[in-house]
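K.L.:
Residue numbers (the numbering used here), protein chains in the order written: chain C, 49 to 402; chain E, 49 to 402.
All C-beta atoms in this analysis are idealised placements derived from N, C-alpha and C, irrespective of residue type, glycine included.
Just so you know, these numbers come straight off a predicted model, no measurement behind them.
Protein chains: 2
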Amino acid sequence: MSQQAAESSPRQPILIHDPTLRDGHHAVRHQLGRDQLRAYAAAADAARVPVVEVGHGNGLGASSLQAGRALLSDEAMLSVVRDALTTTKLGVFMLPGWGTTESIRLAVSYDVDLVRIGTHCTESDLAERHLGLLRDAGVDAHGVLLMSHMASPERLAEECARLVEFGATGVGILDSSGHYLPQDVSTRIAAIRSAVSVPVIFHGHNNLGMAVANSIAAAEAGATILDACARGFGAGAGNTQLEVLVPVLERLGYDTGIDLYRLLDAADIAARELMPAPPTIDSIGVVSGLAGVFSGFKNRVLDVAAREGVDPRDVFFELGRLQAVAGQEDLIEDVALALRAGSTGQRERTASHV
Amino acid sequence: MSQQAAESSPRQPILIHDPTLRDGHHAVRHQLGRDQLRAYAAAADAARVPVVEVGHGNGLGASSLQAGRALLSDEAMLSVVRDALTTTKLGVFMLPGWGTTESIRLAVSYDVDLVRIGTHCTESDLAERHLGLLRDAGVDAHGVLLMSHMASPERLAEECARLVEFGATGVGILDSSGHYLPQDVSTRIAAIRSAVSVPVIFHGHNNLGMAVANSIAAAEAGATILDACARGFGAGAGNTQLEVLVPVLERLGYDTGIDLYRLLDAADIAARELMPAPPTIDSIGVVSGLAGVFSGFKNRVLDVAAREGVDPRDVFFELGRLQAVAGQEDLIEDVALALRAGSTGQRERTASHV
């Protein structure tokens with residue numbers, strides 16, 4: 049029935065990278081327990097998902113008062129998921145600052161197959177030491193750029209080329225605030241694709257309902273590693289929905305090697321065992337995506353806006369205009385106070401103003 | 049930040065048609081009450097949504113044992129929503145068979161601004177009498193084709209041209225099973241666009257996570273009337289999410305005339321007052337969309353599959369292969385029995401087989 053199935057052309061392989069047990073952790077304040085990790089990891093393994101990523105939402109070493117204490121230690125999470133996997137590879141995520149060289153050694157000691165090092169989109173230099181360490185240890189290492197809508201395609205391509213020099217065996221971009229539309233993704237992936245010879249990665253969020261479409265745009269522009277989570281379980285409005293993306297890719301002529309029925313089973317297990325409710329796009333999710341603000345700011349914005357009696361939507365749009373980045377949480381207070389004083393923003397805003 | 053904003057080019061107008069109080073009725077077994085209808089209609093009116101459609105999920109005259117009894121009569125629904133609207137137009141939906149010429153007279157007596165007549169995608173002839181009646185009454189009338197993925201672009205264009213001959217002032221297609229990917233929509237809308245001179249309509253469902261992307265593809269191919277519901281409230285995996293589509297359209301340079309903040313307020317009211325939970329894409333939703341099966345079959349398939357001890361996913365794929373259409377519910381039994389007897393389908397299915 050579809051006009052798009054490319055049955056006669058050779059099927060392009062796409063490697064699906066599944067951070068359900070890492071990005072999804074954001075949605076449950078990092079409180080997944082052993083049985084939950086084990087149940088989902090085993091189900092993903094049975095479906096032949098190539099890589100499962102596990103950890104605190106902010107990655108190795110991030111469990112803390114500031115980022116939220118995880119229920120389990122990094123060691124416990126790695127151990128449980130390592131034991132649950134047979135053919136699926138074990139991946140971890142790390143943001144330098146939260147994670148350290150010690151975290152890398154820990155991951156290596158648990159026989160992790162793949163480590164992802166993430167940095168802000170213009171700060172790939174921060175990944176040099178960790179990528180070098182992983183290259184020396186012979187462990188597959190990805191370098192990924194967060195909040196990537198804040199940099200031009202050319203700049204992202206340069207940063208990715210640098211990540212490859214540091215030793216990354218795959219590089220790419222995260223749409224951390226769910227801001228992209230498909231054409232934004234195409235341009236950026238194409239620029240990166242032409243700058244590097246390693247596999248290119250795309251990781252979407254669904255704030256504007258575009259996570260699946262953006263991932264397809266990424267594949268069409270040459271990305272060969274796509275991130276997706278069961279039921280979209282992830283920060284804010286959620287990630288690209290895994291069990292939707294996979295059959296859509298297959299229908300378009302890509303080859304994921306994944307068993308659809310078992311993938312649907314895994315998603316059902318995730319829905320039942322991991323999440324109070326699957327992610328949906330609420331009004332704050334829409335505004336956060338439009339404004340291009342880091343999803344992690346949500347609760348702080350809501351708290352501060354309520355206290356100061358200002359519209360949290362105005363706070364998001366102003367933070368977007370100021371190009372606030374993760375780590376600049378202090379700006380939230382400044383913006384709310386300025387809005388209360390009437391020195392910026394406006395309470396009425398038509399859709400054409402965004 | 050987006051590469052796509054077309055700020056310098058003239059903004060193309062898009063008319064948003066909002067069936068939250070009609071398609072959403074499917075999700076709550078047609079049980080919305082007066083206060084609920086009033087609250088949402090007033091909020092949509094305040095946001096300057098151009099048209100609000102109200103009624104039983106299957107439209108005028110459909111309240112019945114077979115299609116489900118609505119809490120309110122057609123008269124009560126029309127009366128409450130008519131009173132709640134100031135500038136927003138009042139729309140109704142009708143499927144010939146459920147609705148009759150009497151239903152049209154009723155709608156006209158309640159001063160309805162717009163009547164939509166829906167038929168299966170190859171049966172536009174069934175709308176002739178009703179569209180003629182509306183033309184004679186001077187009421188704006190749309191003709192829309194259900195389950196439109198089952199017909200070729202050329203056939204849909206012919207059927208739409210016929211609807212225009214009958215008197216339709218707008219024509220288009222419903223993706224009733226949520227089967228389309230953007231390229232499928234582009235081809236069909238372009239074919240219809242070149243066959244008629246009235247506005248072209250697209251109505252999406254989100255089974256494959258593509259409702260917003262498909263609606264954008266429709267606009268880019270020349271559709272100027274797009275359907276969308278608050279939080280996607282609608283049958284099965286839900287419709288295109290209204291408060292996501294509108295700002296995405298605006299960002300791409302289209303003009304909806306809608307107030308974003310008040311639209312987000314209306315969506316929040318819908319989430320709080322109308323729905324037990326916003327629609328999400330569950331595994332059956334994915335399978336139903338992939339198979340191209342009418343969403344209304346869902347509960348019957350689940351019941352019959354459980355009784356016969358077969359996999360409901362196999363039943364969906366087999367119904368899709370048989371091109372079952374709404375009204376052919378008997379096929380569900382036949383397929384389940386055949387699967388139990390082992391004479392069709394298979395229990396293991398990789399993603400590449402869909």
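1. May I ask you to list the residues that DSSP assigns as paired with E:H190?
2. With distances taken Cα to Cα, identify the nearest neighbour of C:A285 among C:D359, C:E381, C:P327 and C:A266.
3. For C:G368, which three-state DSSP category applies?
4. In its own chain, which residues sit with a C-beta less than 8 Å from the C-beta of C:D93, not counting the 5 before and 5 after it?
5. Any idea what DSSP makes of C:G72, helix, strand or coil?
6. Contact criterion: CB-CB distance below 8 Å. Does C:L154 meet it with respect to chain E?
7. Which of helix, strand or coil does DSSP assign to E:N287?
8. Taking the beta carbon of C:A54 as the centre, do at least 16 other beta carbons fall within 10 Å, making it buried, or is it exposed?
9. Could you run through the region 320 to 331 of chain E and flag, in chain order, every residue whose CB is less than 9 Å away from some CB of chain C?
10. By Cβ distance below 8 Å, which residues in the same chain neighbour E:L350 in space, the five residues on each side in sequence not counted?
11. On a Cα-Cα basis, can you pick out the residue from C:A239, C:A259 and C:R210 that is closest to C:H227?
12. Just list the residues that DSSP pairs C:V140 with in beta bridges.
13. Would you call E:N255 buried or exposed, if buried means 16 or more other Cβ atoms sit within 10 Å of its Cβ?
14. Measure the C-alpha to C-alpha separation of E:L387 and E:S343 and round it to an integer number of angstroms.
15. For C:I64, does the three-state DSSP call read helix, strand or coil?
16. Give the straight-line distance between the Cα atoms of E:S196 and E:C169, rounded to the nearest whole angstrom.
17. Closest Cβ-Cβ distance between E:R361 and chain C: below 8 Å?
18. Looking at the structure shown, is E:I306 part of a helix, part of a strand, or coil, going by DSSP?
19. Out of E:F214, E:G270, E:E291 and E:R130, which has the shortest C-alpha to C-alpha gap to E:C277?
20. Taking CB distances under 8 Å as the criterion, tell me whether C:G357 reaches chain E.
21. Anything in chain E within Cβ reach of C:V334, meaning under 7 Å, just list it in chain order.
22. Tell me where the alpha helix (DSSP H) around E:E101 begins and ends.
23. If you drop the 5 nearest sequence neighbours on each side, which residues of the same chain put their C-beta closer than 7 Å to that of C:Q371?
24. Restricting to Cα atoms, I'd like to know which of E:L113, E:F214, E:L108 and E:G116 is closest to E:A124.
25. List the residues that DSSP assigns as beta-bridge partners of E:C277.
26. Tell me whether E:R164 is buried or exposed, calling it buried when 16 or more other Cβ atoms sit within 10 Å of its Cβ.
27. Quick check: what's the CA-CA separation for C:T167 versus C:A239?
28. Curious, which full-length beta strand (DSSP E) runs of at least 3 residues does the region 320 to 346 of chain E contain?
29. With which residues is C:V248 paired in a DSSP beta bridge?
30. Going by beta-carbon coordinates alone, are E:L80 and E:L119 separated by less than 8 Å?
31. Quick one: what does DSSP say C:L387 is sitting in, helix, strand or coil?
32. Helix, strand or coil for E:G393? Go by DSSP, reduced to three states.
33. Assuming E:I306 and E:R96 make a contact with CB atoms under 8 Å, what is their CB distance in whole Å?
34. Short of 9 Å Cβ to Cβ, which residues in the region 366 to 380 of chain E face chain C?
35. Give the residues of chain E in contact with C:M258, contact being defined as C-beta atoms less than 8 Å apart.
36. Roughly how many angstroms lie between the CA atoms of E:T272 and C:A354, to the nearest whole one?
P.N.:
Concretely, from the data shown:
1. E:R164 and E:G218
2. C:P327
3. helix
4. V100, A132, L133, T134, T135 and T136
5. helix
6. no
7. strand
8. Low local confidence applies: a pLDDT of 46 at C:A54 is under 50, so the model's placement there is unreliable, with the coordinate-based value given in what follows. Exposed, by the Cβ-count rule.
9. A325, P326, P327, T328, I329, D330 and S331
10. I332 and P360
11. C:A259
12. C:V163
13. buried
14. 21 Å
15. strand
16. 5 Å
17. yes
18. coil
19. E:E291
20. no
21. E291, V292, P295 and L312
22. Careful: E:E101 lies outside any alpha helix (DSSP H), inside the beta strand (DSSP E) at V99 to V102.
23. M198
24. E:L108
25. E:Q289
26. buried
27. 19 Å
28. none
29. C:V219
30. yes
31. helix
32. Confidence is the limiting factor: at E:G393 the pLDDT is only 48, short of 50, which leaves the residue's position unreliable and the question unanswerable from this model.
33. 5 Å
34. G368 and Q371
35. V260, A261 and V296
36. 39 Å
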